[in-house]
Amino acid sequence: MTMGLQVAIDGPASAGKSTVAKRVAKKFGYVYCDTGAMYRAVTLAALQQGLAMTDTEKISELAKQIKITFQPAEPEQRVFINGQEVTRDIRLPKVAKNVSAVAAIPTVRQEMTKQQRQIAAEGGIVMDGRDIGTTVLPHAPVKIFMVATAHERARRRYLENKQKGITTTSLEELQRAIELRDQKDSTRKVSPLTQASDAIRLDTTSLTIDEVVAEISKIIKKTEKHLA
Ligand code: CDP
Ligand code: CDP
624 MTMGLQVAID
634 GPASAGKSTV
644 AKRVAKKFGY
654 VYCDTGAMYR
664 AVTLAALQQG
674 LAMTDTEKIS
684 ELAKQIKITF
694 QPAEPEQRVF
704 INGQEVTRDI
714 RLPKVAKNVS
724 AVAAIPTVRQ
734 EMTKQQRQIA
744 AEGGIVMDGR
754 DIGTTVLPHA
764 PVKIFMVATA
774 HERARRRYLE
784 NKQKGITTTS
794 LEELQRAIEL
804 RDQKDSTRKV
814 SPLTQASDAI
824 RLDTTSLTID
834 EVVAEISKII
844 KKTEKHLA
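Residue 772 in the working numbering sits at position 149 of the sequence shown, and the numbers go up by one each step.
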């Protein structure tokens with residue numbers, strides 16, 4: 624009997640990865656893992672402890688010490704650091720601003736990758752992030768690289784923040800912040816954001832969430848058949 628596939632979804636900020644990944648996981652009865660939330664949690668913990676973002680040693684230590692856990696919930700999975708809920712705080716602009724620096728620290732990545740592989744070990748998982756198809760799960764049979772124009776991605780994040788009541792900057796500023804983060808994520812030395820050679824590129828700029836879910840579902844079903 625098949626245990627369920629490993630599905631890797633990567634791409635730049637606000638391309639629709641987590642929304643779609645969550646729905647696909649639900650549809651197939653798979654576990655969903657938001658790896659971005661893990662890097663955001665380490666960043667928040669470092670900020671809470673007043674660490675400088677340049678203090679790579681202390682941040683690496685912190686990444687090993689803190690326990691990041693998830694709890695399925697609607698509309699959004701809940702995130703905890705050492706049992707304390709941080710679902711909302713990891714989305715604050717100060718976290719978004721600093722997360723790329725934290726995610727560029729090699730030992731932080733090593734620790735997160737280790738934890739992510741443990742979560743994915745049994746298959747039946749949809750994992751989204753930046754380096755899932757290239758580094759974390761290089762043998763995943765389904766790899767999607769999700770993209771959309773920077774303008775559309777900023778528009779989506781702006782609306783999302785507004786709906787959630789999260790204080791946000793202007794649309795233009797948000798687009799600049801997203802582009803800056805993409806640039807940092809794509810140019811860092813360790814596991815940069817890049818499309819795996821065997822990933823399927825999916826441009827979601829003019830697609831609805833349902834259309835993207837349908838497209839990925841088709842790919843999963845085809846792969847399941849092929850592997851059966
Ligand atoms: O939701 P959004 O696309 O804004 O970002 P996220 O998925 O929450 O990821 C936040 C940040 O974590 C990214 O900008 C990357 O710096 C980092 N990240 C990473 O380096 N590797 C991953 N697998 C996931 C996220
Ligand atoms: O995880 P990632 O940062 O890639 O993006 P997300 O948080 O899943 O999506 C950002 C926002 O875009 C959410 O509010 C989604 O509802 C919305 N979205 C959309 O409008 N159309 C899509 N095709 C995908 C996402």
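From the three backbone atoms N, C-alpha and C, an ideal C-beta is built for every residue, glycine too. These numbers were taken from a predicted model, which means no experiment stands behind them.
If you draw a straight line from the alpha carbon of residue i to that of residue j, how long is it in whole angstroms?
i: Phe-693; j: Lys-649; result: 15 angstroms
i: Asp-805; j: Glu-708; result: 27 angstroms
i: Asp-751; j: Ala-664; result: 15 angstroms
i: Ala-669; j: Asp-657; result: 19 angstroms
i: Ala-851; j: Val-643; result: 25 angstroms
i: Arg-701; j: Lys-812; result: 31 angstroms
i: His-762; j: Val-770; result: 21 angstroms
i: Leu-674; j: Lys-645; result: 32 angstroms
i: Ile-713; j: Ala-727; result: 17 angstroms
Three-state secondary structure (DSSP) at residue i?
i: Tyr-655; result: strand
i: Arg-780; result: helix
i: Ala-720; result: Before going further, note that residue 720 is Lys rather than Ala in the sequence given. Lys-720: helix per DSSP, three-state reduction.
i: Met-624; result: Confidence at Met-624 is low in this model, with a pLDDT of 44, below 50, so its placement is unreliable and no value can be given for it.
i: Lys-823; result: In the sequence as displayed, the identity of residue 823 is Ile instead of Lys. In the structure shown, Ile-823 sits in a strand (DSSP, three-state: E or B).
i: Lys-649; result: helix
Since residue i is in the beta strand (DSSP E), which residue starts that stretch and which ends it?
i: Val-630; result: 629 to 633
i: Thr-692; result: 691 to 694
i: Arg-701; result: 701 to 704
I'd like the list of long-range same chain contacts for residue i, defined as Cβ closer than 6 angstroms, with 5 residues on each side in sequence excluded.
i: Gln-818; result: Phe-768
i: Met-624; result: In this prediction, Met-624 scores a pLDDT of 44, lower than 50, which makes its location untrustworthy; no coordinate-derived value is stated.
i: Lys-687; result: Glu-734
i: Asp-754; result: Ser-814
Closer than 8 angstroms: is that where the CB of residue i sits relative to any heavy atom of ligand 2?
i: Glu-802; result: no
i: Leu-830; result: yes
i: Ser-809; result: no
i: Lys-640; result: yes
Does the distance between the C-beta of residue i and the nearest non-hydrogen atom of ligand 1 fall short of 8 angstroms?
i: Ser-683; result: no
i: Val-759; result: yes
i: Val-635; result: Per the sequence shown, residue 635 should be read as Pro rather than Val. Pro-635: yes, Cβ under 8 angstroms from ligand 1.
What first and last residue would you give for the alpha helix (DSSP H) that runs through residue i?
i: Met-750; result: It is not in any alpha helix (DSSP H) - Met-750 instead sits in the beta strand (DSSP E) that spans 748 to 752.
i: Lys-681; result: 679 to 688
Short of 8 angstroms in beta carbon distance, which residues of its chain neighbour residue i, apart from the five on each side in sequence? Order them along the chain.
i: Asp-821; result: Gly-756, Lys-766
i: Asp-633; result: Lys-640, Asp-751, Gly-752, Arg-753, Asp-754, Ile-755, Gly-756, Thr-757, Lys-766, Ile-767, Phe-768, Met-769, Leu-816, Gln-818, Ala-819, Ala-822
i: Gly-706; result: Lys-690, Thr-692
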